[in-house]
């Protein structure tokens with residue numbers, strides 16, 4: 087029962103915080119007015135994608151915590167989450183794509199570090215982060231393109 091409760095708590099906290107941040111830092115007119123690259127996805131896709139990714143992030147965090155408690159891998163997991171939650175306030179809140187780029191680059195690095203740290207120890211946690219790494223890699227390219235174009 088403790089294991090299931092841990093998963094529920096991790097997923098609920100990650101998904102809930104992500105949802106709150108998303109609702110408080112919506113794209114709005116400022117974002118609509120920015121020049122964007124042709125590969126910019128439609129706005130409606132971000133909510134469903136991030137919801138799925140937050141479930142995967144919470145799952146990987148719970149697995150890591152249950153296996154090792156507060157460990158180096160868990161601290162890397164926590165660092166990427168803090169950076170993740172800082173990105174929207176930097177980009178949409180402060181309206182500073184350059185600042186957001188300065189957040190997303192180390193975020194991507196910590197995501198990749200987490201995958202590397204978990205690969206031999208907990209392949210499921212590592213695999214859970216692969217779609218996240220791919221999406222954040224794409225988001226980094228998108229963020230950098232918006233900086234370049236504006």
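In my numbering, the protein residues as written are 87 to 236. Where a beta carbon is used, it is the ideal one built from N, C-alpha and C, also for glycine.
At the C-beta level, residue 116 and residue 181 come within 8 Å of one another. Looking at the backbone, the Cα of residue 176 and that of residue 159 are separated by about 26 Å. Here the region 140-156 makes contact with the region 200-218; the two share three or more CB pairs at distances below 8 Å. Judged by beta-carbon spacing, residue 119 lies beyond the 8 Å limit of residue 162, meaning their Cβ atoms are not closer than that value. For the 8 Å CB-CB criterion, residue 193 and residue 169 form a contact. Residue 164 is not a Cβ neighbour of residue 89, given a cutoff of 8 Å.
The closest CA to that of residue 229, considering only 191, 171, 150, is found on 191.
Counting only runs of 3+ residues, no beta strand (DSSP E) is found wholly inside the region 129-164. In the three-state reduction of the DSSP assignment, residue 180 falls in the coil class.
Excluding five sequence positions before and after residue 186, the CB atoms of its chain that fall closer than 6 Å to its own CB belong to 173, 176, 177, 229, given in chain order. Residue nearest to residue 140 within the set 126, 97, 156, 132 is 97 (criterion: CA-CA distance). Of the other Cβ atoms in all chains shown, fewer than 16 fall within 10 Å of the Cβ of residue 224; this residue is therefore exposed.
CA-CA distance, residue 166 to residue 218, rounds to 11 Å. For the pair residue 110 and residue 132, the Cα-to-Cα distance works out to about 15 Å.
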